[in-house]
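To start, the structure under review is shown below, and the notes come after it.
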Amino acid sequence: MLYKFKSKASGDLIMLEANGRRMLEIIGKEAGPKGIILPEQMPAAIAALHAAVALEESHDQQAEAPVPGEGLGLRQRVVPFIDMLERNHKAGHEVVWGV
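For the sequence shown, the numbering used here assigns the number 3 to the initial residue and increments by one for each residue that follows.
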């Protein structure tokens, strides 16, 4: 299953279920089959995503050695989502998702 995030101020953003669910959990949204992020909710969502990245990176720095082949970190996954939220907040548009 995929999460497809849509908005008027940016292109569609498609994420695998696990990644989309994690983004929604970080910003405090229920990871249901459909939903909406209102413009007034976006600053808090962006702050939560930045905080989650900082937490993950501090844990990574405390680890003895990175695990090779572990894949993309949270920072790489949140960048397009944060961009979408920032653009839509500025334009005053909501972001909706569906599966």
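In this text, a Cβ means the ideal position worked out from N, Cα and C, and glycines have one as well.
Span of the alpha helix (DSSP H), counted from its first residue to its last, around residue i
| i | result |
| --- | --- |
| VAL81 | 76-93 |
Close beta carbons around residue i, own chain, < 6 Å, minus the five adjacent residues each side
| i | result |
| --- | --- |
| ARG89 | ALA11, SER12 |
| ILE84 | ILE48, LEU51 |
| MET25 | PHE83 |
| ASN21 | ARG79 |
| MET17 | TYR5 |
| PRO45 | none |
Bridge partner(s) assigned by DSSP for residue i
| i | result |
| --- | --- |
| LEU18 | LEU4 |
| SER9 | VAL97 |
Same chain, Cβ closer than 7 Å to residue i, neighbours up to 5 away in sequence not counted
| i | result |
| --- | --- |
| GLU19 | MET3, LEU4, TYR5 |
| MET86 | PHE7, SER9, SER12, LEU15, VAL97 |
| GLY100 | LYS6, PRO35, LYS36 |
8 Å Cβ shell around residue i - same chain, five flanking residues per side excluded
| i | result |
| --- | --- |
| GLU96 | SER9, ILE38, ILE39, LEU40, PRO41, ASN90 |
| ALA54 | ILE28, LEU76, VAL80 |
| ARG23 | TYR5, ALA33 |
| GLY94 | PRO41 |
| LYS92 | ALA11 |
Unbroken beta strand (DSSP E) run spanning residue i, endpoints
| i | result |
| --- | --- |
| ILE39 | 36-39 |
Of the listed residues the options, nearest to residue i (C-alpha basis)
| i | options | result |
| --- | --- | --- |
| GLN78 | ALA33, ALA56, GLY94, LYS92 | ALA56 |
| GLU58 | LYS31, LEU74, ALA46, PRO45 | LEU74 |
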